[in-house]
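One structure is given below, encoded as structure tokens.
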């Protein structure tokens, strides 16, 4: 209900995302909806120290690949998309673009009762609950040759391009209905 009260909510539930072939995708897991609400209001995110390092490394690498002597017109910017899920809900709940590196020295002030160092800017692209059942056709190879559904991905896990694109396609075509 919280997100539905904001003017841009309807726009975010119906927005379609087109991804370029050099996009990167990461799964983000959070323990509750309140983190998503705060993130939506402040356009920022934080993760665990390990997650922040993974995401920061990806952001720095993406920007160094974009700016390695080529002009912006010659080389398209690498975009990093974060696919969010709050734990125990059996759904993915949104997609945001990472728009800054992680400031690893900052205690993120918006999460109360949290000692998470690091914060980075994001731009929400779509917010809607898409049930995990919609993703059961997307299988990933994990360690030790184990194959599991993408919904079993860990926090800050990078998805292969084809898998990330498929997840985004499902977000694009899933018809959200509010209760």
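In the numbering used here, the protein residues as written are 105 to 283.
The beta carbon of each residue, even a glycine, is placed where N, CA and C say it ideally should be.
Hey, would you say residue i sits closer than 8 Å to residue j, going by beta carbons?
i, j, result
"residue 150", "residue 220", "yes"
"residue 262", "residue 162", "yes"
"residue 148", "residue 224", "yes"
"residue 205", "residue 272", "no"
"residue 268", "residue 230", "no"
"residue 154", "residue 257", "no"
"residue 208", "residue 160", "yes"
"residue 227", "residue 203", "yes"
Check residue i in the structure and name its three-state DSSP category.
i, result
"residue 166", "helix"
Out of curiosity, what's the CA-to-CA distance linking residue i and residue j?
i, j, result
"residue 252", "residue 243", "5 Å"
"residue 190", "residue 137", "6 Å"
"residue 177", "residue 192", "Low confidence applies here, because residue 177 scores a pLDDT of 47, under 50, leaving its location unreliable and the question unanswered by this model."
Between the Cα of residue i and the Cα atoms of the options, which residue gives the shortest distance?
i, options, result
"residue 125", "208, 184, 195", "184"
"residue 142", "276, 270, 131, 214", "214"
"residue 238", "266, 245, 274", "274"
"residue 135", "127, 152, 264", "152"
"residue 277", "246, 228, 233", "233"
"residue 254", "210, 240, 279", "240"
"residue 222", "140, 157, 247", "157"
Any heavy atom of the ligand SAH within a distance shorter than 7 Å of the CB on residue i?
i, result
"residue 207", "With respect to small molecules bound, the structure shown includes none, and the ligand SAH cannot be examined in it."
Task: Segments assigned beta strand (DSSP E), at least 3 residues, entirely inside the stretch 127 to 156 - done: 128 to 134
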